[in-house]
Amino acid sequence: MTHPNPAFAPAEYAARLARVQSTMEHAGLDCLFITDPSNMGWLTGYDGWSFYVHQGVLVGRDGPPRWWGRGMDAAGALRTVWMADELIHGYDDSFVQNPVKHAMLDLCSLIRACGWDTGRLGVEKDNYYFTAAAYETILTGVPQAEIVDATGLVNWCRALKSPTEITYLRRAGAIVTRMHAHIAEVAEEGMRKNDLVAQIMATGIEGADGHWGDYPAIVPMAPSGRDATAPHLTWDDSPLTRGVPTFFEIAGAYRRYQCPQSRTLFLGQVPDTYRRAEAAVGEATEAVLGMAQPGVRCEDLARVFNGTLASHGFHKDSRVGYSIGMSYPPDWGERTMSLRAGDTTTLQAGMTFHFMPALWLDDGGIEMTEPILITDEGAERLCATPPGLVVKP
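The sequence shown begins at 92 in my numbering and counts up by one.
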């Protein structure tokens with residue numbers, strides 16, 4: 092069945108497959124089993140909220156991939172993947188969440204049928220969607236195969252974005268720009284936080300510039316006051332309060348491409364500590380974006396950021412950014428490059444990052460982050476959100 096609205100041209104999917112198979116050959120893999128839904132979508136086009144059950148994509152050294160998953164979700168594969176119908180394999184529903192009949196038994200039957208049960212089989216061991224029970228079942232189900240860790244193999248193949256992917260990320264950037272503009276427009280003292288978050292999410296799904304909004308891979312983070320000393324708290328029904336900072340870490344999404352960005356809101360006067368932090372983060376951000384270009388290493392950006400921050404009397408322990416692109420819950424990062432000491436990856440044109448210079452202070456947090464694209468000329472901001480704190484008297 093032909094996809095009614097494919098996200099990418101056939102030539103792009105073919106190029107992605109060739110990249111993965113070349114990497115497999117270099118790694119000495121005869122077969123690769125992919126369970127990360129972002130990798131599944133990037134390689135095959137599959138797009139469905141079915142990652143709560145076992146599913147995946149099998150890739151051999153040559154030929155097209157095979158989609159494998161729950162029988163009822165095979166209908167979704169027929170509607171979204173680029174491969175021929177006979178390359179879609181659905182398993183019986185009796186395998187679903189059955190403690191005595193694991194779904195990987197069916198996968199092992201497919202591996203044997205394809206003749207990959209005696210070769211080197213790569214699996215994504217360190218992945219949210221691949222369980223210990225799944226791994227153990229494969230070990231016993233194809234005992235003659237050599238099972239090796241291929242975590243990150245496809246993720247790294249995704250590092251350089253195509254022109255179409257960049258277009259999608261820019262559209263996602265326009266969406267999150269509109270989301271932050273809506274926060275600045277409607278937030279007021281006494282407004283319940285859940286009401287504001289409801290409007291943020293509605294704005295994100297409405298989209299921007301004529302392009303619809305997809306669901307983000309992470310829900311909005313919106314902690315206030317001392318809650319904002321922690322980076323990953325969500326929201327409740329508490330009212331927005333004057334003099335208490337609230338940061339909003341949110342993402343625009345288009346066709347599963349995620350563009351996260353954060354801003355910090357103050358209602359009323361901003362304390363001196365936060366103004367000093369704003370100045371420090373702003374100067375450090377400009378220093379990083381001024382040097383972010385092909386040939387620079389990830390750790391170089393972290394060194395410049397941390398050095399500039401330290402000159403203002405502030406310190407950040409965590410990484411200051413990570414690669415972004417296509418993602419599904421629970422994470423909008425690609426889980427490859429990090430902007431931190433020790434990551435010697437060299438930047439190339441076409442890489443995209445969430446530059447994340449957040450600070451969590453004793454009494455709150457300040458987040459003013461920027462999604463960026465590395466180009467031949469330097470760093471391009473993917474959003475048009477004004478820099479600095481969002482202050483409403």
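Every residue, glycine too, gets a C-beta built ideally from N, C-alpha and C.
Small disclaimer: the values here were computed from a predicted structure and weren't measured.
Across which residues does DSSP place residue i in a beta bridge pair?
| i | result |
| --- | --- |
| K483 | L358 |
| T325 | Note: T325 sits in no beta bridge, so no partner. |
| E237 | R211 |
| I415 | G424 |
| V148 | I125 and W158 |
| S429 | Y413 |
| G343 | C350 |
| T337 | S315 and L356 |
Rounded to the nearest angstrom, how far is the Cβ of residue i from that of residue j, given a contact under 8 Å?
| i | j | result |
| --- | --- | --- |
| L438 | I465 | 5 Å |
| F338 | A319 | 6 Å |
| L380 | A470 | 5 Å |
| T443 | Q352 | Wrong, their Cβ atoms sit about 13 Å apart, outside the cutoff. |
| T364 | L452 | 7 Å |
Can you list, in chain order, the residues of its chain with a C-beta nearer than 7 Å to that of residue i? Leave out the 5 residues immediately preceding and following it.
| i | result |
| --- | --- |
| M270 | I291, T294, G295, I341 and G343 |
| Y259 | Y345, R346 and Y348 |
| D434 | C389, E390 and M428 |
| A475 | T268 |
| A165 | I179 and G181 |
Within the continuous alpha helix (DSSP H) that includes residue i, where are the two ends?
| i | result |
| --- | --- |
| P513 | As displayed, the chain neither begins before 92 nor continues past 484, which places residue 513 out of reach and without an answer. |
| E390 | C389 to S402 |
| S129 | P128 to T135 |
| Y226 | A223 to G232 |
| A470 | That residue, A470, is in no alpha helix (DSSP H); its beta strand (DSSP E) goes G469 to R472. |
Using a Cβ-Cβ cut-off of 6 Å (strictly less than) and excluding sequence neighbours within five positions of residue i, which residues of its own chain qualify?
| i | result |
| --- | --- |
| T436 | C389 and M428 |
| G455 | G316, A319 and P336 |
| A449 | E458 |
| G334 | G359 |
| V372 | P448 and M459 |
Give every residue of the same chain whose Cβ lies closer than 8 Å to the Cβ of residue i, excluding the five residues on either side of it in the sequence, and list them in chain order.
| i | result |
| --- | --- |
| A378 | V395, F396 and T399 |
| S185 | K192 |
| N485 | Residue 485 falls outside the range modelled here, since the chain spans only 92 to 484, and no answer is possible. |
How far does the beta strand (DSSP E) with residue i in it extend, from its first residue to its last?
| i | result |
| --- | --- |
| I179 | I179 to Y182 |
| H445 | T443 to F446 |
| L452 | From DSSP, L452 is part of no beta strand (DSSP E); its letter is neither H nor E. |
| E461 | E461 to T466 |
Open item on the list: I'd like to know if the stretch 114 to 134 and the stretch 235 to 245 are in contact, where contact means that at least 3 CB-CB pairs between them fall below 8 Å.
Closed with: yes
Task: Any 3 or more C-beta pairs closer than 8 Å across the stretch 280 to 291 and the stretch 308 to 316 - done: yes
- [ ] Report yes or no: do three or more beta-carbon pairs, one from the stretch 347 to 361 and one from the stretch 466 to 482, lie closer than 8 Å?
- [x] Between the stretch 347 to 361 and the stretch 466 to 482 there are three or more C-beta pairs closer than 8 Å, enough to call the two in contact.
Open item on the list: Using a Cβ distance threshold of 8 Å, determine whether the stretch 191 to 198 contacts the stretch 144 to 159, with at least three qualifying pairs required.
Closed with: yes
- [ ] For the stretch 318 to 325 and the stretch 295 to 308, state whether three or more C-beta atom pairs, one from each stretch, are separated by less than 8 Å.
- [x] no
Open item on the list: Counting beta carbon pairs with one atom in the stretch 159 to 175 and one in the stretch 223 to 242, are three or more of them shorter than 8 Å?
Closed with: no
TODO: Decide if the stretch 439 to 453 is in contact with the stretch 369 to 387; the criterion is three or more beta carbon pairs, one per stretch, under 8 Å apart.
DONE: yes
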